[in-house]
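One rule links them: number in our numbering = place in the sequence shown (from 1) + 59. Glycine is no exception: its CB is placed at the ideal position from the N, C-alpha and C atoms. Just so it is clear, the structure is predicted and the values come from calculations on it, not from any experiment.
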Amino acid sequence: MAPQAFAEQNTAVITGGASGIGFALANKCAKYGMNILLVDNNEENLSLAQKHLAEKISKDKQVLKAVAIDVSNLDNWEKVKAAVEQDFNGTPVHISS
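Below, the structure is given as C-alpha coordinates:
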(Lines of atoms letter the chains of each structure in order from A and count residues from 1; the text may use other names and numbers.)
(Lines give C-alpha, C1' and ligand atoms only; values in the text may rest on other atoms or scores of the structure.)
Protein backbone atom coordinates (compact mmCIF):
# COMPACT_ATOMS: atom_id res chain seq x y z
CA MET A 1 0.00 0.00 0.00
CA ALA A 2 1.32 3.41 -0.98
CA PRO A 3 1.60 6.31 1.48
CA GLN A 4 -1.33 8.74 1.24
CA ALA A 5 0.77 11.33 -0.61
CA PHE A 6 1.11 8.79 -3.41
CA ALA A 7 -2.62 8.14 -3.64
CA GLU A 8 -4.40 7.74 -6.96
CA GLN A 9 -5.12 11.09 -8.69
CA ASN A 10 -2.55 13.00 -6.61
CA THR A 11 0.06 14.84 -8.66
CA ALA A 12 3.80 14.16 -8.62
CA VAL A 13 6.17 16.86 -9.90
CA ILE A 14 9.42 15.00 -10.50
CA THR A 15 12.60 16.91 -11.30
CA GLY A 16 15.27 14.82 -12.96
CA GLY A 17 12.36 12.69 -14.13
CA ALA A 18 13.77 11.63 -17.49
CA SER A 19 16.35 9.18 -16.18
CA GLY A 20 17.75 7.37 -13.17
CA ILE A 21 16.02 7.60 -9.80
CA GLY A 22 13.58 10.26 -11.03
CA PHE A 23 12.43 8.05 -13.89
CA ALA A 24 12.11 5.05 -11.57
CA LEU A 25 9.95 7.15 -9.23
CA ALA A 26 7.84 8.32 -12.17
CA ASN A 27 7.18 4.70 -13.10
CA LYS A 28 6.12 3.95 -9.51
CA CYS A 29 3.84 6.99 -9.44
CA ALA A 30 2.28 5.88 -12.73
CA LYS A 31 1.63 2.47 -11.20
CA TYR A 32 -0.10 4.12 -8.22
CA GLY A 33 -2.42 6.00 -10.59
CA MET A 34 -0.92 9.42 -9.95
CA ASN A 35 -0.82 12.35 -12.32
CA ILE A 36 2.77 13.13 -13.32
CA LEU A 37 4.66 16.25 -14.35
CA LEU A 38 8.16 15.29 -15.49
CA VAL A 39 10.78 18.03 -15.32
CA ASP A 40 14.24 17.63 -16.84
CA ASN A 41 16.79 19.68 -18.77
CA ASN A 42 17.48 16.97 -21.37
CA GLU A 43 14.71 17.34 -23.97
CA GLU A 44 15.56 14.13 -25.82
CA ASN A 45 15.52 11.95 -22.69
CA LEU A 46 12.41 13.75 -21.45
CA SER A 47 10.55 12.96 -24.66
CA LEU A 48 11.55 9.29 -24.45
CA ALA A 49 10.53 9.09 -20.79
CA GLN A 50 7.17 10.70 -21.54
CA LYS A 51 6.49 8.23 -24.38
CA HIS A 52 7.40 5.29 -22.13
CA LEU A 53 5.17 6.47 -19.29
CA ALA A 54 2.30 7.25 -21.67
CA GLU A 55 2.09 3.52 -22.37
CA LYS A 56 1.74 2.76 -18.64
CA ILE A 57 -0.89 5.25 -17.52
CA SER A 58 -4.66 5.16 -17.72
CA LYS A 59 -5.23 7.97 -20.22
CA ASP A 60 -8.82 8.52 -19.09
CA LYS A 61 -7.84 8.83 -15.40
CA GLN A 62 -4.27 10.15 -15.31
CA VAL A 63 -2.53 13.26 -16.64
CA LEU A 64 1.07 13.11 -17.88
CA LYS A 65 2.95 16.24 -18.91
CA ALA A 66 6.61 17.14 -19.36
CA VAL A 67 8.49 20.43 -19.05
CA ALA A 68 12.07 20.83 -20.30
CA ILE A 69 13.86 23.36 -18.09
CA ASP A 70 17.05 23.89 -16.13
CA VAL A 71 15.83 23.81 -12.52
CA SER A 72 18.94 25.63 -11.30
CA ASN A 73 17.49 28.82 -12.86
CA LEU A 74 14.79 30.09 -10.48
CA ASP A 75 12.99 31.94 -13.28
CA ASN A 76 12.30 28.60 -14.96
CA TRP A 77 10.17 27.48 -12.02
CA GLU A 78 7.42 29.77 -13.34
CA LYS A 79 6.98 27.25 -16.19
CA VAL A 80 6.55 24.44 -13.68
CA LYS A 81 4.09 26.49 -11.64
CA ALA A 82 2.11 27.35 -14.78
CA ALA A 83 1.96 23.70 -15.85
CA VAL A 84 0.74 22.62 -12.41
CA GLU A 85 -1.92 25.34 -12.31
CA GLN A 86 -3.09 24.71 -15.88
CA ASP A 87 -3.04 20.93 -16.14
CA PHE A 88 -3.32 19.49 -12.64
CA ASN A 89 -5.75 19.73 -9.73
CA GLY A 90 -4.67 19.86 -6.13
CA THR A 91 -1.38 20.32 -4.38
CA PRO A 92 1.42 18.33 -5.96
CA VAL A 93 3.96 16.10 -4.32
CA HIS A 94 7.39 17.44 -5.34
CA ILE A 95 10.16 14.89 -5.79
CA SER A 96 13.69 16.12 -6.58
CA SER A 97 16.20 13.63 -7.88
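Status (buried if at least 16 other CB within 10 Å, exposed otherwise) for N94: buried
Cβ neighbours of N101 in the same chain (closer than 7 Å, five flanking residues each side left out): A77
6 Å Cβ shell around K138 - same chain, five flanking residues per side excluded: V126 and I128
Identified DSSP bridge partners for D119: For D119, which the question treats as bridged, DSSP gives no partner whatsoever.
Backbone CA spacing between F147 and N69 [nearest angstrom]: 9 Å
Distance between D119 and I154 (C-alpha atoms, nearest Å): 24 Å
Sub-7 Å separation of L96 and K124 beta-carbons: yes
Candidates A85, N132 and K90, of which the one nearest L107 by Cα: A85
Residue interval of the beta strand (DSSP E) (run including I95): N94 to D99
Pick from L112, A141, E114 and G92 that is closest to M121, judged by C-alpha positions: According to the sequence provided, residue 121 is Gln. The question's Met does not apply to it. Checking every option, the nearest Cα to that of Q121 belongs to G92.
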